[in-house]
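Asker:
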Amino acid sequence: MAQRTTLLSVVSFLLLSFLIISCHRTSSKTSSADEAAVYQKLAAARVQLPNGWALTPPGQSVNLDDLPLNLVVSPSKKYLAVTNNGQSTQSITLLDAQTQQVLDTAKVSKAYLGLAFSADEKRLYASGGNDNKILVYTIDNGQLMPDEPILLAKPWPVKLSPTGLCVDDAKNRLYIVTKEDSALYVADTQTKKTLNRINLGKAAYTCLLSPDKNELFVSLWGGSGVLVINTNTLAITAKIATNKNPNDLLLTHDGKYLFVANGNDNTVALIDVAKRQVIETLTTSLFPNAPVGTTPNGLALSDDENTLYIANADNNCLAVFDVTRKGHSHSSGFIPTGWYPTSVKVLGSKILVTNGKGFSSKANPKGPNPVRSRASQQVGPNPQANAGPVQYIAGLFKGTLSIIDVPTVNVLAAYSRLVYANTPYTKSKEQRAEGEAGNPIPMRVGDKSPIKYVFYIIKENRTYDQVLGDMSEGNGDPALCLFPQKITPNQHALAKQFVLLDNFYVDAEVSADGHNWSSAAYANDYVEKNWVTSYGGRGGTYDYEGQKEIAHPRDGFIWDHCQRAGISFRSYGWFVDNKPNIKVLEGHNCPDFKGFDLAYQDTRREEVWEKDFDQLLAAGTLPKLNTVRFGNDHTSGARVGLPTPEAAVADNDLAVGRFVEHIAKSPIWKESVVFILEDDAQNGPDHVDAHRSIAFVAGGFVKRGYVDHTMYSTSGLLRTMELILGLKPMSQYDAAATPMWRCFAKTADSSPYVAQAAEVDISEKNVAVNSNSRRSSQFNLSRPDDIDDLVFSEIVWQTVRGSKSTMPAPRRGAFVRLGKKVDDDDDDDDD
Numbered sequence: 005m006a007q008r009t010t011l012l013s014v015v016s017f018l019l020l021s022f023l024i025i026s027c028h029r030t031s032s033k034t035s036s037a038d039e040a041a042v043y044q045k046l047a048a049a050r051v052q053l054p055n056g057w058a059l060t061p062p063g064q065s066v067n068l069d070d071l072p073l074n075l076v077v078s079p080s081k082k083y084l085a086v087t088n089n090g091q092s093t094q095s096i097t098l099l100d101a102q103t104q105q106v107l108d109t110a111k112v113s114k115a116y117l118g119l120a121f122s123a124d125e126k127r128l129y130a131s132g133g134n135d136n137k138i139l140v141y142t143i144d145n146g147q148l149m150p151d152e153p154i155l156l157a158k159p160w161p162v163k164l165s166p167t168g169l170c171v172d173d174a175k176n177r178l179y180i181v182t183k184e185d186s187a188l189y190v191a192d193t194q195t196k197k198t199l200n201r202i203n204l205g206k207a208a209y210t211c212l213l214s215p216d217k218n219e220l221f222v223s224l225w226g227g228s229g230v231l232v233i234n235t236n237t238l239a240i241t242a243k244i245a246t247n248k249n250p251n252d253l254l255l256t257h258d259g260k261y262l263f264v265a266n267g268n269d270n271t272v273a274l275i276d277v278a279k280r281q282v283i284e285t286l287t288t289s290l291f292p293n294a295p296v297g298t299t300p301n302g303l304a305l306s307d308d309e310n311t312l313y314i315a316n317a318d319n320n321c322l323a324v325f326d327v328t329r330k331g332h333s334h335s336s337g338f339i340p341t342g343w344y345p346t347s348v349k350v351l352g353s354k355i356l357v358t359n360g361k362g363f364s365s366k367a368n369p370k371g372p373n374p375v376r377s378r379a380s381q382q383v384g385p386n387p388q389a390n391a392g393p394v395q396y397i398a399g400l401f402k403g404t405l406s407i408i409d410v411p412t413v414n415v416l417a418a419y420s421r422l423v424y425a426n427t428p429y430t431k432s433k434e435q436r437a438e439g440e441a442g443n444p445i446p447m448r449v450g451d452k453s454p455i456k457y458v459f460y461i462i463k464e465n466r467t468y469d470q471v472l473g474d475m476s477e478g479n480g481d482p483a484l485c486l487f488p489q490k491i492t493p494n495q496h497a498l499a500k501q502f503v504l505l506d507n508f509y510v511d512a513e514v515s516a517d518g519h520n521w522s523s524a525a526y527a528n529d530y531v532e533k534n535w536v537t538s539y540g541g542r543g544g545t546y547d548y549e550g551q552k553e554i555a556h557p558r559d560g561f562i563w564d565h566c567q568r569a570g571i572s573f574r575s576y577g578w579f580v581d582n583k584p585n586i587k588v589l590e591g592h593n594c595p596d597f598k599g600f601d602l603a604y605q606d607t608r609r610e611e612v613w614e615k616d617f618d619q620l621l622a623a624g625t626l627p628k629l630n631t632v633r634f635g636n637d638h639t640s641g642a643r644v645g646l647p648t649p650e651a652a653v654a655d656n657d658l659a660v661g662r663f664v665e666h667i668a669k670s671p672i673w674k675e676s677v678v679f680i681l682e683d684d685a686q687n688g689p690d691h692v693d694a695h696r697s698i699a700f701v702a703g704g705f706v707k708r709g710y711v712d713h714t715m716y717s718t719s720g721l722l723r724t725m726e727l728i729l730g731l732k733p734m735s736q737y738d739a740a741a742t743p744m745w746r747c748f749a750k751t752a753d754s755s756p757y758v759a760q761a762a763e764v765d766i767s768e769k770n771v772a773v774n775s776n777s778r779r780s781s782q783f784n785l786s787r788p789d790d791i792d793d794l795v796f797s798e799i800v801w802q803t804v805r806g807s808k809s810t811m812p813a814p815r816r817g818a819f820v821r822l823g824k825k826v827d828d829d830d831d832d833d834d835d
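Position in the sequence shown (first residue = 1) + 4 = this note's numbering.
Written as structure tokens, this is what we have:
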């Protein structure tokens with residue numbers, strides 16, 4: 005059978021829904037009333053995200069721990085098991101499958117994705133993450149009793165990291181795949197010994213046995229394919245090509261068909277197992293040919309195998325397909341879920357969904373306290389027994405299990421309407437964005453802008469209140485301002501002379517996903533599911549700035565989009581270590597510009613950039629897009645011999661000021677714009693929300709002395725640049741985001757910007773030897789955030805404010821609950 009692609013479009017979906025509902029309704033009025041009631045009830049409780057997306061989760065729910073990645077059902081459907089694999093508490097949860105009540109939760113040091121019950125339901129196997137072992141539990145009267153684990157290797161830094169697994173009880177065999185050494189391990193469940201290791205070539209996500217146990221299917225997370233392995237010979241017998249980042253696998257009961265979720269491609273592949281061939285590709289996004297941003301990563305079939313449910317992590321919904329006729333599937337609709345659904349299962353008339361980030365955010369009254377001892381706080385995978393909880397953004401969002409009744413046709417129609425209403429992205433927005441006639445930011449992709457040169461500066465980790473909290477013109481809290489005007493005179497001057505943005509939010513949580521959001525308006529499922537491990541102190545490497553292809557978005561980064569569009573570009577230290585980390589930057593970077601190195605001043609980097617800029621301008625070869633990394637506002641904490649936090653931030657500020665001044669005094673000032681933002685806002689408090697950050701815009705067409713309270717995001721800033729350059733959106737997120745056109749005037753102002761002199765010593769070094777300096781000396785500062793970030797934030801606060809100062813608890817109000825007024829933007833920080 006030739007491969008087919010099944011697309012879901014609004015028109016075809018609505019037409020299909022109308023026909024199905026018309027055929028099945030016994031009472032049109034009653035059905036319409038039911039549909040309306042379901043819609044209105046959930047819409048009234050809508051939770052709005054600051055990026056414009058929303059949540060309306062139906063059904064009942066059970067609270068889980070941080071980032072549940074996988075849900076499995078025991079063979080007789082007696083038990084459910086969930087593995088929670090986030091930054092803070094990691095655990096294995098056992099539930100009663102019929103009542104969905106939690107029976108037991110086993111706290112673990114490390115766990116990651118893999119879960120499998122034995123056939124007799126007396127044992128549960130769980131991948132132990134970077135401990136490089138398989139956790140084994142005996143199930144006794146609904147309790148998880150730890151048994152001797154299966155050791156695959158010594159713990160991290162040995163690179164192995166088991167992911168998915170499956171068990172063949174008849175042969176006493178456990179099959180385990182890994183993502184760090186890209187291998188299949190075969191272990192004996194009785195002797196607990198490893199028997200074989202087979203190289204897979206690419207990082208694997210999970211594995212699945214055929215019904216007769218003679219074949220094993222492995223999804224190559226980093227390899228765009230599924231391997232077929234003969235379990236008797238352990239030979240790889242076939243590789244079936246799929247789209248990017250295949251993750252979850254699902255076989256029909258007869259083993260004839262295999263579904264594969266392609267996390268980085270908005271699709272699910274349907275494979276004819278006998279033919280070793282993809283016979284159909286299901287597009288799971290809400291619109292056909294949508295850019296990346298759906299992230300399918302969980303699969304489940306109804307009991308009769310006629311309906312397929314697909315967890316769309318980044319669209320916060322389930323896609324529902326009628327797969328009665330394999331190869332001729334069609335869409336049935338969508339079901340809203342919580343935030344970032346990671347797994348889905350069907351249990352009779354119930355649909356079970358794990359929501360990786362739960363339903364909403366909340367305030368964290370027990371935020372980091374710099375005067376409390378390290379031992380009195382819960383940090384990392386092994387908190388002390390008497391420790392008090394510390395709420396840090398990376399581990400703040402607790403997962404949930406949703407229990408949803410299989411919807412009737414009418415209820416599914418209501419659910420589908422809700423999903424579309426929750427989604428700001430539409431196909432039309434790809435070509436035409438919000439704006440005004442005559443504004444230098446075009447509304448239509450491809451329309452010309454009087455701005456010809458875009459300069460994009462990426463900085464590190466600051467919240468709005470930390471830097472601009474002392475500005476009375478904006479919504480700031482001076483009590484939280486660590487780096488006021490005296491330390492950051494240029495950023496204050498830019499905000500006063502051009503545009504003050506006091507409602508700007510980064511899309512990311514930390515630098516790992518932040519550099520992806522800032523360069524691609526998307527972080528794929530590999531990034532989202534892995535940074536939490538290293539940030540939780542559980543091992544792992546920082547490989548999120550181009551170092552690993554598996555972490556790349558399907559269509560690349562902004563430089564890839566420029567290259568395909570014929571737009572010139574150059575990078576200064578971003579996605580560049582000693583050499584470019586991604587191929588597209590080869591020959592498009594400044595080799596003299598030093599990458600991330602906190603001992604090297606940003607003002608020296610700015611001098612290198614000036615020289616390069618002048619040469620390119622004189623030669624008439626200045627690129628249209630210039631990306632520049634000034635990262636020293638990250639700071640080195642209290643490490644002796646490195647700059648103090650005040651000096652590091654002041655150095656960064658002066659570099660920014662001199663950069664803008666140099667362009668302002670050049671002949672291209674009127675044709676240029678400078679965008680400046682932080683990759684994330686993880687290293688400090690903010691009285692509105694932990695994602696609220698600083699952003700600046702300067703240029704000839706930028707308004708002067710303007711305060712803009714519009715809610716903007718990282719993706720919105722990228723969309724603004726794209727519209728100037730004539731680029732299409734890179735993802736569904738920047739397509740949906742609000743461009744920053746309100747910051748721009750219809751006529752240019754050629755008056756230049758003059759850099760403000762530093763008011764503190766930018767060469768001042770840390771000299772005090774104390775507990776903070778000793779802790780700082782242990783940090784790996786060679787990469788951003790390759791440290792215990794919670795502790796680092798506290799050290800910066802204490803170093804600036806004094807060891808006896810108390811940092812106010814940050815607020816987590818990233819979400820607002822909407823009632824009848826869907827445009828109400830009051831936040832629920834205190835709930």
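Each residue gets a CB set at the ideal place from its N, CA and C atoms; glycine is no exception.
1. Residues in its own chain within less than 7 Å of P627 by CB, not counting five upstream and five downstream?
2. What does the alpha-carbon distance come out to for the pair P79 and L128?
3. Can you tell me where the alpha helix (DSSP H) with Y424 in it begins and where it stops?
4. Should G439 be labelled buried (16 or more other beta-carbon atoms within 10 Å of its own) or exposed?
5. From K552 to I562, what does the alpha carbon distance come to, in whole angstroms?
6. Going by C-alpha to C-alpha distance, which of V66, A569, F597, L255 sits closest to V580?
7. So with Cβ pairs under 9 Å, would you call E610 a contact of chain D?
8. Of the choices T109, C566, R662, whose alpha-carbon is the least far from that of P493?
9. Excluding the 5 residues preceding and the 5 following I408 in the sequence, name in chain order all residues of the same chain whose CB lies nearer than 6 Å to its CB.
10. Checking 9 Å against the spacing of the C-beta atoms, do T142 and D151 come in under that value?
11. Reducing DSSP to helix, strand and coil, say where N247 ends up.
12. Taking the alpha-carbon positions, what's the R609 to K456 distance?
13. Just tell me which of N585, E477, G473, N465 has its CA closest to the CA of L484.
14. Near T256, which residues of its chain fall below 6 Å by C-beta distance, leaving aside the five closest residues on each side in sequence?
15. Grab me the residues of G543's own chain with a C-beta within less than 6 Å of its C-beta, minus the 5 sequence neighbours each way, in chain order.
16. Nearest-angstrom Cα distance between L46 and F634?
17. Taking the DSSP output, what are the residues bridged to L322?
18. On the premise that L262 lies in contact with C211, defined as a C-beta separation below 8 Å, what is that separation, rounded to the nearest angstrom?
19. Can you list, in chain order, the residues of its chain with a C-beta nearer than 6 Å to that of G518? Leave out the 5 residues immediately preceding and following it.
20. Pairing CB atoms from the stretch 653 to 667 with CB atoms from the stretch 429 to 439, are three or more of them under 8 Å?
21. Indicate the three-state DSSP secondary structure (helix, strand or coil) for Q567 in the structure shown.
22. With the cut-off set at 9 Å, would you say L416 and G337 are in Cβ contact?
23. Can I96 and V106 be called in contact, C-beta distance under 9 Å?
24. Find the nearest neighbour of N234 within the set N251, T246, S214, judged by alpha-carbon distance.
25. Name the DSSP beta bridge partners of K864, please?
26. Counting Cβ pairs closer than 8 Å, one from the stretch 685 to 693 and one from the stretch 461 to 473, do we hit at least three?
27. Per DSSP, which one or two residues make a beta bridge with F705?
28. Which partner residues of K769 appear in the DSSP bridge assignment?
29. Which residues in the same chain as N593 place their Cβ atom closer than 6 Å to its Cβ, once the five residues preceding and following it in sequence are excluded?
30. Can you tell which of S228, Q605, V350 has the C-alpha that lies nearest to the C-alpha of A650?
31. Which of the three DSSP states, helix, strand or coil, is assigned to F4?
32. Using three-state DSSP, classify Q104 as helix, strand or coil.
33. Helix, strand or coil: which one does DSSP assign to A694?
34. Going by CA-CA distance only, name the one from K206, Y460, F508 that's closest to G3.
35. In terms of residue numbering, what span does the beta strand (DSSP E) encompassing I680 cover?
36. Give the secondary structure of I445 by DSSP, where H, G and I count as helix, E and B as strand, and everything else as coil.
Answerer: Reading from the atomic positions:
1. The answer, listed in chain order, is S572, F573, R574.
2. CA-to-CA, the gap between P79 and L128 works out to about 12 Å.
3. Y424 -> alpha helix (DSSP H) spans 413 to 426.
4. By the neighbour-count rule (16 or more Cβ atoms within 10 Å), G439 is buried.
5. If you take the alpha carbons of K552 and I562, they lie about 17 Å apart.
6. Taking only the C-alpha atoms, the option nearest V580 is F597.
7. Protein chains in the displayed structure number just one, and chain D is not present.
8. Nearest option by C-alpha distance: R662.
9. So the qualifying residues of the chain are P62, G63, I355.
10. Taking 9 Å as the Cβ cut-off, T142 and D151 qualify as a contacting pair.
11. Collapsing the DSSP output to three states places N247 in coil.
12. The straight-line gap from Cα to Cα measures roughly 24 Å.
13. Minimum Cα-Cα distance from L484 among the listed residues N585, E477, G473, N465 corresponds to G473.
14. Here the set comprises E309.
15. By the criterion of a C-beta distance shorter than 6 Å, G543 is surrounded in its chain by N134, W160, once the five residues flanking it on both sides are discounted.
16. Rounded to whole angstroms, L46 to F634 spans 45 Å at the Cα level.
17. Paired residue(s): A315, I339.
18. With 8 Å as the limit, C211 and L262 do not qualify as a contact, their Cβ atoms being about 12 Å apart.
19. Hits under 6 Å: A512, D683, D684.
20. Using a C-beta cut-off of 8 Å, the stretch 653 to 667 makes no contact with the stretch 429 to 439, since fewer than three inter-stretch Cβ pairs fall below that distance.
21. Correct three-state label for Q567: helix.
22. With respect to G337, L416 sits close: the two C-beta atoms are nearer than 9 Å.
23. Contact: no.
24. For the options N251, T246, S214, the alpha carbon positioned closest to that of N234 is the one of S214.
25. No statement about residue 864 is possible, as the shown extent of the chain runs from 5 to 835 and does not include it.
26. Segments in contact, yes.
27. DSSP, once it has assigned bridges, lists no residue as partnering F705.
28. P647, per the DSSP bridge assignment.
29. Result list for N593: S575, V580, P584, in chain order.
30. Residue 650 is actually Glu in this sequence, not Ala. Answer by Cα proximity: Q605.
31. Look at the range of the chain in this structure, 5 to 835, and you will see that residue 4 is not part of it.
32. Q104 falls in the coil class under three-state DSSP.
33. In the structure shown, A694 sits in coil (DSSP, three-state: anything other than H, G, I, E or B).
34. Outside the displayed range of the chain (5 to 835) lies residue 3, so it cannot be described from this structure.
35. 676 to 682 is the span of the beta strand (DSSP E), which, as asked, contains I680.
36. Of the three classes helix, strand and coil, the one that applies to I445 here is coil, per DSSP.
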